[in-house]
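Participant: Sharing a structure here in structure tokens format.
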Amino acid sequence: MNATVRIDAAAKADAPPVPRDGLYECGDCLVPIKDDTVLPFLFYRRSGGVLTRFWEAEPETYAMSEFRKGADGEGCWVDTRNVTIVEGRTAREFLDIQED
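Start counting at 1 in the sequence shown, then tack on 27, and there's your number in the numbering used here.
Structure below.
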């Protein structure tokens with residue numbers, strides 16, 4: 028095995044696992060939000076490889092932004108729309124509505 032292959036294999040072994048679909052407290056998807064937790068002011072949803080950020084712009088109105096990468100590999104948040112999320116909604120309730 029040559030040095031480049033060993034370095035590539037080591038980098039893959041050290042790479043964090045790909046996050047599963049779900050709701051997270053941070054954009055790197057390291058801290059999942061538990062089902063019975065009321066949605067925070069800012070949260071992230073990973074679904075089908077797409078990362079969406081939700082932040083409360085005003086009471087019960089959350090702005091949605093998707094993280095997109097360009098051809099150069101650089102990423103940015105692109106605002107998509109606003110959604111209504113009733114105050115006190117839990118993570119499980121939010122996901123159940125999204126799946127309908």
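Virtual Cβ for every residue (Gly too), placed ideally from N, Cα, C.
Tell me the DSSP secondary structure of Arg95 in three-state form.
Facilitator: Against the sequence shown, residue 95 aligns to sequence position 68. Strand, per DSSP.
Participant: Ends of the beta strand (DSSP E) at Leu78?
Facilitator: Along the sequence shown, one-based indexing puts residue 78 at 51. Leu78 -> beta strand (DSSP E) spans Val77 to Glu85.
Participant: Can you tell me whether Asp106 is helix, strand or coil according to DSSP?
Facilitator: In the sequence shown, counting from the first residue as 1, residue 106 sits at position 79. In this structure, Asp106 counts as strand in the three-state DSSP scheme.
Participant: Could you check if Leu50 is buried or exposed, using at least 16 other CB atoms within 10 Å of its CB as the buried criterion?
Facilitator: Sequence index remark: in the sequence shown, residue 50 carries index 23 (1-based). So Leu50 counts as buried.
Participant: Between which two residues does the alpha helix (DSSP H) carrying Phe121 extend?
Facilitator: As a working mapping, residue 121 is identified with position 94 in the sequence shown. Note, Phe121: alpha helix (DSSP H), Ala118 to Glu126.
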